[in-house]
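Novice: One structure follows; several queries about it will come next.
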Amino acid sequence: MTTTPTPWLTAEEERAWRALWAVMTWLPARLDAQLRAEAGLSLAEYSALSQISEAPGRAVRLSDLARSANMTLSHLSRVIARLEGSGWVERLPDPADGRFTLGRLTEAGWETVQRAAPGHVRAVRRLVVDALEPAQLRALGDAASVVATFVDPLRGRAGGAGPEAGPGGVG
């Protein structure tokens with residue numbers, strides 16, 4: 001069996017990859033620190049609250065939320081348990097299909113999202129938006145959208161259940 005050797009990254013490809021790696025490493029950590037300091041929420045908790053708040057009726061199937069947040073059901077269950085314990089989310093059987101569980105934002109959860117969102121947006125502006133010229137921001141959005149189609153199963157092109165697949169074998 002003959003295999004084609006994997007070509008090494010060029011200097012420019014490696015520069016781009018290392019820059020992306022730094023962003024993937026440090027941006028979530030900085031956003032998490034801001035949310036913990038200002039709102040008492042982790043980035044995972046804020047992400048769950050935010051996504052539920054944007055869903056029709058402020059309720060979403062937890063399995064769908066796990067996929068869109070790229071969390072295992074086990075991790076999401078722990079996040080939802082913390083949110084439930086704070087009175088921000090309640091779990092309900094899905095009236096359309098009782099095999100599924102919904103997470104629904106409570107009024108206190110909605111108030112928490114509204115209180116946390118301005119600080120989160122300020123951090124996103126400071127760390128990303130304001131750091132770039134408008135053309136750079138457009139280029140970042142364009143490039144990130146292309147890469148996202150290859151890694152995000154909800155965007156379409158991500159495929160397979162190989163070792164690079166996400167939680168639950170979703171590529």
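The numbering of the sequence shown is the UniProt record's numbering, which starts it at 1 and goes up by one.
Where is the CB? At the ideal position from N, CA and C, for every residue including glycine.
As the structure is a computational prediction, the values presented were derived from the model and not from experiment.
If I measure Cβ to Cβ from ARG125 and keep anything under 6 angstroms in the same chain, skipping five residues before and after, which residues do I get?
Specialist: none
Novice: Of the residues ALA116, GLU14, ARG82, which one's Cα is nearest the Cα of ALA39?
Specialist: ALA116
Novice: Return the first residue and the last residue of the alpha helix (DSSP H) that LEU43 is part of.
Specialist: 43-54
Novice: Just the C-alpha distance for ALA144 and GLU84, rounded to the nearest angstrom, thanks.
Specialist: 33 angstroms
Novice: Nearest to residue 179 by CA position, among ALA48, ALA22, THR4, is which residue?
Specialist: Outside the modelled stretch of the chain, which goes from 1 to 171, sits residue 179, for which no answer is possible.
Novice: Just to confirm the assignment: which complete beta strand (DSSP E) runs, minimum length 3, are found wholly within the UniProt domain "HTH marR-type" (13-149)?
Specialist: Every beta strand (DSSP E) of 3 residues or more that sits fully in the UniProt domain "HTH marR-type" (13-149) is shown, in chain order, as 59-61, 89-93, 101-105.
Novice: Considering only the beta carbon of each residue, do VAL51 and GLY119 sit closer than 8 angstroms?
Specialist: The question names Val, but residue 51 in the sequence shown is Gln. Not a contact, by the Cβ cut-off of 8 angstroms.
Novice: Going by CA-CA distance only, name the one from THR2, THR101, GLN114 that's closest to ASP64.
Specialist: THR101
Novice: Go ahead and pull the three-state DSSP assignment for LEU154.
Specialist: helix
Novice: Count the other CB atoms within 10 Å of the CB of TRP26; is the residue buried (16 or more) or exposed (fewer)?
Specialist: exposed
Novice: My guess is that ALA59 and GLY103 are in contact by the Cβ rule of under 8 angstroms, so how many angstroms apart are they, rounded?
Specialist: Sure, about 7 angstroms apart at Cβ, within 8 angstroms.
Novice: Given this structure, state the Cα-to-Cα distance separating LEU105 from GLN114, to the nearest angstrom.
Specialist: Straight across, the Cα-Cα distance linking LEU105 with GLN114 is about 12 angstroms.
Novice: Go ahead and label GLU111 buried or exposed: buried means 16 or more other beta carbons lie within 10 angstroms of its beta carbon, across all protein chains shown.
Specialist: Flag for GLU111 reads exposed.
Novice: Give a yes or no on whether the C-beta atoms belonging to LEU127 and ARG30 are separated by under 8 angstroms.
Specialist: yes
Novice: Using a Cβ-Cβ cutoff of less than 6 angstroms, which residues in the same chain neighbour ALA66 once the five nearest sequence positions on both sides are dropped?
Specialist: LEU73, LEU76
Novice: If the criterion is Cβ atoms closer than 8 angstroms, does the pair LEU41 and PRO28 meet it?
Specialist: no
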